[in-house]
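Sequential numbering from 59 applies to the sequence shown in this note's numbering. Note that beta-carbon positions come from the ideal geometry of N, C-alpha and C, so glycine has one too. Contents: one structure, followed by commentary.
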Amino acid sequence: MSRLLSSVMGRVGSALYATVVTTLGLLAGLWGSLYSSEIRSAWPFHSGPYQGASAHALFFWSLVLSATFLFFLGQVLVEKARRQAEQELTKRSDKLEELIRTQPPEEFLSLCSQLYKTCFATQDAFKYSHGQKLEPEEVAQSVRLILQTFVVLAQSFDRAPNLRYAANVMLFRDAQRLTPDARTEIKQRLRFCDQEIGIENLRGVLDLRCDLSTVSLSSNADPDPDLKPFALPIPWRDHPGKVFPGEAEYRSRLLPGAPRAFYKGRMECYPDTSTLRAWCERYGDFSPGIQQDLDEYFRNHAMGIHVKSFVSIPLWNPQLENEVLGILNLHRDEPGILKAEPLQDNFSRWSRRTS
């Protein structure tokens, strides 16, 4: 039925449809003039008694009703199409307004150009080091300078120069390649993972590198002083083997933020961390203890209280296109980081090219 209506709607505005309706009306008028006396002698102009059925009157009324129905149907479908066009116009107008409102500030392109130069200058310094042994702190400082570009750009995107922005890197460590001692060490700083789950039962972990971090308050790209080492679990599967009773979709075993960005291979944006517990309760496959720990972390923990909104961005291996090496986290101390979708899309494309 819906396919038939769609087909009719596609022809309502056509010359053929208008010609058919007009022809039926003219034919009804012509037929009525030829057999007017017979039609007047039939129902409804004549109340009886009748002398048998009149084929001419029946045909006349069939023409009239057909022309009337098609004309009415045409008006209804034209009105429906008009309303749809108005809704589409309103939607596009709202989208254009949102796009204009979320455009980067005027100085953004100039700033972006300067920061690109910083990134590529750092890259060239590594490329042309001619095999010289670089000190770990030198490498870390260079990475922090690049992280600072992300911090500055995020502030510029959000037009929030007075808020505290910070960036850090978490590197993926394959659980199957870890030594027993390394597993024991990581287990001590593994967060938001049930105690009975061993490192060997995970695909791996995202390990925070405190030396690969910086804050907007630091002019020299110094490490974030509020960070302490911790790791996040990456399970083998993103959901349990079956759907929960009474539910239609799989629940997720991936923590919001860095684990989801790593597993999905895309930027994840969370404009308000106070909603994460509700997300875990609704969509996650996490124990009540994990949900409580996550909520407590963002409310009262010395590190988490600075994270009111954040984005997690995959860092891709330049040699292997589909391999994620780690995650870049950007956060600020108020909700609303890169809140508008156009900003997220633009920033995600820029970060993919830069990282």
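Quick one: what's got a C-beta closer than 7 Å to residue i's C-beta in the same chain, skipping five residues either side?
| i | result |
| --- | --- |
| Arg335 | Gln349, Leu352, Asp353 |
| Thr77 | none |
| Gly342 | Arg309, Ser310 |
Return the CA-CA distance between residue i and residue j, expressed in angstroms with no decimal places.
| i | j | result |
| --- | --- | --- |
| Arg150 | Ala143 | 10 Å |
| Gly262 | Ile371 | 18 Å |
| Ile97 | Phe118 | 8 Å |
| Asp296 | Val134 | 49 Å |
| Tyr328 | Phe215 | 16 Å |
| Ile158 | Pro314 | Low confidence applies to Ile158: its pLDDT is 47, below 50, so where it sits in the model is not reliable enough to give any reading. |
| Asn259 | Leu147 | 53 Å |
| Ser274 | Trp337 | 29 Å |
| Val79 | Lys138 | 19 Å |
| His359 | Ser276 | 22 Å |
| Glu339 | Ala198 | 38 Å |
| Gln414 | Gly384 | Residue 414 is absent from the model: the chain starts at 59 and stops at 413. |
Do residue i and residue j have their CB atoms nearer than 8 Å?
| i | j | result |
| --- | --- | --- |
| Leu205 | Leu270 | yes |
| Met228 | Asp282 | no |
| Phe208 | Ala224 | no |
| Pro317 | Pro298 | no |
| Ala212 | Leu396 | yes |
| Asp391 | Arg217 | no |
| Ser345 | Asp284 | no |
Which one or two residues does DSSP pair with residue i in a beta bridge?
| i | result |
| --- | --- |
| Ala289 | Leu248, Asp265 |
| Arg231 | Val263 |
| Gly342 | Ser310 |
| Tyr223 | Arg390 |
| Glu326 | Ser370 |
Ignore the nearest five residues each way along the sequence and tell me which others in residue i's own chain have a CB closer than 8 Å to its CB.
| i | result |
| --- | --- |
| Lys245 | Gly256, Ile257 |
| Glu381 | Trp374, Asn375 |
| Thr331 | Phe356, Gly362, Val365, Lys366, Ser367, Phe368, Pro393 |
| Leu82 | Leu121, Ser124, Ala125, Leu128 |
| Ala86 | Phe118, Leu121, Val122, Ala125 |
With a threshold of 6 Å on Cβ separation, who are the neighbours of residue i within its own chain once the five nearest residues in sequence on each side are excluded?
| i | result |
| --- | --- |
| Ala289 | Ile244, Arg247, Leu248, Val263, Asp265 |
| Leu63 | Here Leu63 scores only 45 on pLDDT, less than 50, and its place in the model is too uncertain to base an answer on. |
| Tyr321 | Asp296, Leu312 |
| Leu201 | A quick correction: the sequence has Val, not Leu, at residue 201. Correct list, in chain order: Leu270. |
Within 10 angstroms of the Cβ of residue i, are there 16 or more other Cβ atoms? Answer buried if so, exposed if not.
| i | result |
| --- | --- |
| Asn278 | exposed |
| Phe302 | exposed |
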